[in-house]
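Trainee: Quick note: to get the working numbering, add 4 to the position in the sequence shown (first position is 1).
After the structure tokens below, expect a handful of questions from me.
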Amino acid sequence: MGEEGASGSEHHRLLSEMRAQNLDMIRFASYRTACKLRFVQKKANLHQVDIWNVIEAFRENGLNTLEPQMEVNVSRLETLISSLYHNLNKRLPPAQQVHAESSSGLLLNWLLSAYSAENTGKIRVFSIKVALATMCAGKLMDKLRYIFSQISDGNGQLVIWRFEDYLREVLALPAAVFESPSFHYSSDLSAKIFVGSQKVTVNDFMDTMMSDPGPACLVWLPLLHRLAGVESVVHPITCDACHRENFSGFRYRCQKCHNFQMCQDCFWRGRIFGSHTNEHEVKEYTSYKSPSKQIGHTLRKSFRCVPEKGRPNIPRFPEEPEKTLNLSHIVPPSPLPSHNGFPESSFMSTQFDVGSMDSRSTTRSPGKYSSSLDSSRYDDEHRLIARYAARLAAEARTVPRHSSRSSMHIPDLGGRAPSEGSLSLDSSRVQRELIAQLEAKNKEIVREIKRLKIQQDLENAALGSEGSSADNPALMSELRALRQRKDELEGHLSSLQDSRRQLMVQLEGLMKLLKASSVSPPPERH
Numbered sequence: 005m006g007e008e009g010a011s012g013s014e015h016h017r018l019l020s021e022m023r024a025q026n027l028d029m030i031r032f033a034s035y036r037t038a039c040k041l042r043f044v045q046k047k048a049n050l051h052q053v054d055i056w057n058v059i060e061a062f063r064e065n066g067l068n069t070l071e072p073q074m075e076v077n078v079s080r081l082e083t084l085i086s087s088l089y090h091n092l093n094k095r096l097p098p099a100q101q102v103h104a105e106s107s108s109g110l111l112l113n114w115l116l117s118a119y120s121a122e123n124t125g126k127i128r129v130f131s132i133k134v135a136l137a138t139m140c141a142g143k144l145m146d147k148l149r150y151i152f153s154q155i156s157d158g159n160g161q162l163v164i165w166r167f168e169d170y171l172r173e174v175l176a177l178p179a180a181v182f183e184s185p186s187f188h189y190s191s192d193l194s195a196k197i198f199v200g201s202q203k204v205t206v207n208d209f210m211d212t213m214m215s216d217p218g219p220a221c222l223v224w225l226p227l228l229h230r231l232a233g234v235e236s237v238v239h240p241i242t243c244d245a246c247h248r249e250n251f252s253g254f255r256y257r258c259q260k261c262h263n264f265q266m267c268q269d270c271f272w273r274g275r276i277f278g279s280h281t282n283e284h285e286v287k288e289y290t291s292y293k294s295p296s297k298q299i300g301h302t303l304r305k306s307f308r309c310v311p312e313k314g315r316p317n318i319p320r321f322p323e324e325p326e327k328t329l330n331l332s333h334i335v336p337p338s339p340l341p342s343h344n345g346f347p348e349s350s351f352m353s354t355q356f357d358v359g360s361m362d363s364r365s366t367t368r369s370p371g372k373y374s375s376s377l378d379s380s381r382y383d384d385e386h387r388l389i390a391r392y393a394a395r396l397a398a399e400a401r402t403v404p405r406h407s408s409r410s411s412m413h414i415p416d417l418g419g420r421a422p423s424e425g426s427l428s429l430d431s432s433r434v435q436r437e438l439i440a441q442l443e444a445k446n447k448e449i450v451r452e453i454k455r456l457k458i459q460q461d462l463e464n465a466a467l468g469s470e471g472s473s474a475d476n477p478a479l480m481s482e483l484r485a486l487r488q489r490k491d492e493l494e495g496h497l498s499s500l501q502d503s504r505r506q507l508m509v510q511l512e513g514l515m516k517l518l519k520a521s522s523v524s525p526p527p528e529r530h
């Protein structure tokens, strides 16, 4: 009963703090909903956990092996959420770490209030995936690709009843912040979004969900991501309604009143000044240009002989899902995912199925967190990478290198031309060399960090034995230098882990090519 009372008080405190922001005064339902969800996101520190970290947590805690409709109890959900924040703290500097227990408790109670019907203390796996994938940080495109992997069939086609289930779950988020009158689920929503019974591929899904305007019931979703992008944008002008200088966020310019500009708070809440009224048409800006730059931009547009280039198209993705390799016994999930914030485009450049990260099995027991300097884990990963590279080398050795071009026979490459075989060999050789270099660098840096840690402990012990560390400025200066060097090395180690993870993704793609080529028929020559 004590725990339930504490849980209820945390949830009520969150709602009270949200009400204190006066977000209900925002006139527009979409902005009001997005602001409320952004408030919850930041209070729970989910704005520091991106979609790739969330997918990794699903793998580590075995949610990828469970059926979407299966229910999990509170303890398992708590373990999943705790792993998110413990892994987050491993990526953050000591001064910026979050309070894992309070953040976990706040998020846990908010999710249970949104999805646990009749306070049963259980929540569906699909509800957890939709909620965390929506509320975490990251690009909307990456999140929607992951969602599509959860609601499509084996042929890469959208399953309508799963999409309806997704709408029901994602619209529970506005309801959790008291916006269900504006955005609520109904059985005819999916028919309004995808008219008819035509097949919906991943590209159709992305085009519809990311269009402007998108589905009416989800207009708050892209706004939530735009809010995150403009919070740090500062406009070096004065709001003409409240006279606040250097305001941040969105900027609104009246199209009727001369040079009348407002901050987002004034426009959202309908504050007016002078001859300006709320009926005037306004334009929203997410950045600031000085008047001179704006005039130059207008002149360049007027002298252009070709029309202005429109928005770049949404990237096109393979419509057939890739068959993923089962690497659960080769590459264990790493506790140091470095895709914090918005993922780099280079990570998406490899043709890697988003769903494959969530579809692999895991052997990690939830709730056990290893130290970032655990040398035994690093040695295990080194051995696993070496085994992976040896497997590639075995594939490459099956190809004769000195055969003539006319009589060359490459059975493992499916009878492809020699040039194609040499490209595969060169690619695998480069991968092996890169992995060997990473192994050497990783081992060296881990050894140096351990040495510095031991040296730092000795220095601390020596300082403690003398009674006061302030009496020895030379030792204090050296200790500060050692700590700074240790922080630099840990940051370098984190970047190396990121590079190694991307290499493993590329290696997986290479293994797919080698595996597919061994059974593919030789191409017809025209």
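We treat Cβ as the ideally placed atom computed from N, Cα and C, and that holds for glycine.
Remember, predicted model here, so these are calculated numbers, not experimental data.
1. Start and end of the beta strand (DSSP E) containing residue 251?
2. Can you give me the start and stop residues for the alpha helix (DSSP H) that residue 91 sits inside?
3. What does a CB cutoff of less than 7 Å around residue 207 pick up in its chain, not counting 5 residues either side in sequence?
4. According to DSSP, residue 255 sits in a beta bridge with which residue or residues?
5. Residue 136: which of 160, 223, 55, 284 sits nearest, CA to CA?
6. Could you tell me which of 191, 263, 268 sits nearest to residue 279, measuring between CA atoms?
7. Buried or exposed for residue 477, please, with buried defined as at least 16 other CB atoms from any protein chain shown within 10 angstroms of its CB.
8. Mind checking residue 40: buried by the 16 CB within 10 Å criterion, or exposed?
9. Would you report the Cα separation of residue 191 and residue 197, rounded to the nearest angstrom?
10. When burial is assigned at 16 or more other CB atoms within 10 Å of the CB, is residue 17 buried or exposed?
11. Terminal residues of the continuous alpha helix (DSSP H) containing residue 3?
12. DSSP state of residue 358, grouped into three classes?
13. Just curious, the alpha helix (DSSP H) that residue 197 is in, first and last residue?
14. Under 8 Å by Cβ, that's how I've got residue 14 and residue 110 pegged, so tell me the actual separation to the nearest angstrom.
15. In whole angstroms, what separates the C-alpha of residue 258 from that of residue 274?
16. Just tell me which of 452, 514, 512 has its CA closest to the CA of residue 487.
17. For residue 162, which of helix, strand or coil comes out of DSSP?
18. Taking 8 Å as the cut-off, does the segment 74-91 touch the segment 120-130 (at least 3 CB pairs, one atom from each stretch)?
19. When the Cα of residue 282 is compared with those of 238, 256, 462, which residue comes out closest?
20. Whose CA, out of 515, 132, 25, lies closest to the CA of residue 117?
21. Can you tell me which of the three DSSP states residue 203 falls into?
22. Cα separation between residue 31 and residue 187?
23. Is the beta carbon of residue 57 sitting closer than 9 Å to the one on residue 140?
24. Taking buried to mean at least 16 other C-beta atoms within 10 Å of its own C-beta, is residue 250 buried or exposed?
25. Are there 16 or more other CB atoms within 10 angstroms of the CB of residue 272, so buried, or fewer, so exposed?
26. Residue 123 to residue 437, Cα distance in whole Å?
27. Use the C-beta contact count for residue 203: other C-beta atoms within 10 angstroms, 16 or more gives buried, fewer gives exposed.
28. May I ask you to verify whether the segment 41-53 touches the segment 138-153, counting CB pairs closer than 8 Å and requiring at least 3?
29. What separation, rounded to the nearest whole angstrom, lies between the Cα atoms of residue 246 and residue 459?
30. Where do the ends of the beta strand (DSSP E) carrying residue 126 lie?
31. From the DSSP output, in three-state form, read off residue 208 for me.
32. On the premise that residue 189 lies in contact with residue 175, defined as a C-beta separation below 8 Å, what is that separation, rounded to the nearest angstrom?
33. I'd like the list of long-range same chain contacts for residue 277, defined as Cβ closer than 7 Å, with 5 residues on each side in sequence excluded.
34. Taking C-beta to C-beta, are residue 64 and residue 87 nearer than 9 Å?
35. Where does residue 195 land, buried or exposed, given buried means 16+ other C-beta within 10 angstroms?
36. Can you name, in chain order, every residue of its own chain whose Cβ lies under 6 Å from the Cβ of residue 289, other than the five neighbours on each side?
Mentor: With the given structure in hand:
1. First-last of the beta strand (DSSP E) with residue 251: 249-252.
2. 78-95
3. 320, 321, 323
4. 267, 289
5. Among 160, 223, 55, 284, the Cα nearest to that of residue 136 is on 55.
6. If we check each option's Cα against that of residue 279, 263 comes out closest.
7. exposed
8. Residue 40 should be labelled buried.
9. In a straight line, the C-alpha of residue 191 is about 12 Å away from that of residue 197.
10. Residue burial is scored here from C-beta neighbours: residue 17 has fewer than 16 other C-beta atoms within 10 angstroms and is therefore classed as exposed.
11. With the chain covering 5 to 530 only, the question about residue 3 has no answer from this structure.
12. Residue confidence is low: residue 358 scores 46 on pLDDT, short of 50, so the model does not pin down where it sits. No coordinate-derived value is stated.
13. Unbroken alpha helix (DSSP H) run through residue 197: 193-197.
14. 6 Å
15. Spanning the two alpha carbons is a distance of roughly 13 Å.
16. Per the Cα distances, 452.
17. In the structure shown, residue 162 sits in a strand (DSSP, three-state: E or B).
18. Contact holds: three or more Cβ-Cβ distances are below 8 Å.
19. 256
20. 132
21. coil
22. 15 Å
23. yes
24. exposed
25. buried
26. 55 Å
27. exposed
28. With a cut-off of 8 Å, the segment 138-153 and the segment 41-53 count as touching, because enough Cβ pairs lie within range.
29. Rounded to whole angstroms, the gap between the alpha carbons of residue 246 and residue 459 is 57 Å.
30. 126-128
31. Residue 208 falls in the helix class under three-state DSSP.
32. 5 Å
33. 244, 245
34. yes
35. exposed
36. 255
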